[in-house]
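Residue numbering for the sequence shown follows our numbering, beginning at 8 and increasing consecutively. Below you'll find the structure, written out as C-alpha cells, and then a few comments.
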Amino acid sequence: MMIDRIPRLERSPAIPLFGALTFALLIGCSSTPEPVAEMAAAKTSLVATDNQETIKHAPVAIDRAKQKLKRAETAIAKEEYEEAKRLAEEAQADAELAQAIAAKTEAEMAVRELENSIQVLREEIMRARSR
C-alpha cells in the first residue's frame, strides 16, 4: 500500500510558538511612533502667537496651548505617544484659535474706526449742506 509509505508529519510545538512570536513582533513594530511632526506644528503655531495683538486679545487660549504642549512633552518622555499626539494637536488648535481671536478683534476694531470715520464724514456733509 502506498499510503503506509508516506511519512506522517508530526506537528511541532515550535510552529505555534513561532507564529505567536512573529505576531507579537508585528504588533510591536506597528506601535504609535513619536509624534515629531505634531509637536513641530504645535510649536510653530505657538511661536506665531508671540506678538502684541495675540497676547493682548487671547491670553487664555495661548496659556492653554502652552500647558498642553508641556503636557505633550511630558507624555513623550513617558513614551505615551498617543496621548502626546493628541495633546500636541490640541495645543496647535488652541494656538491657532488664539491667532483667530486676535485677528477677529483687530478686524472688529478696524470696523469700528471706519464706522466712526463714516459718521464724522456724514456730519461734515450735513453741515456743509446746511450753510
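Quick reminder that beta carbons are idealized off the backbone N, C-alpha and C, glycines included.
By the neighbour-count criterion, in which a residue is buried when 16 or more other Cβ atoms sit within 10 angstroms of its Cβ, Ala84 is exposed. For Ala114, the number of other beta carbons within 10 angstroms of its own is below 16, and it is reported as exposed. Between the alpha carbons of Ala49 and Asp101 lies a gap of roughly 9 Å. Here Ala72 is not near Ala109, since their CB atoms are 8 Å or more apart. Taking a cut-off of 8 Å for Cβ pairs, the segment 81 to 98 and the segment 112 to 128 do not touch, as fewer than three such pairs fall below it.
Burial of Ile69 is indicated by the presence of at least 16 other C-beta atoms within 10 angstroms of its C-beta. Your pair Leu94 and Ala107 does not check out as a contact, with CB atoms roughly 20 Å apart and the cut at 8 Å. Distance from the CA of Ala98 to the CA of Glu120, rounded to the nearest whole angstrom, comes to 33 Å. Closest option to Ala79, judged by alpha-carbon separation, among Ala44, Arg134, Ser124, Asp57: Ala44. In terms of Cβ geometry, Ala117 and Pro42 do not form a close pair [threshold 8 Å].
Spanning the alpha carbons of Lys77 and Glu122 requires a straight line of approximately 43 Å.
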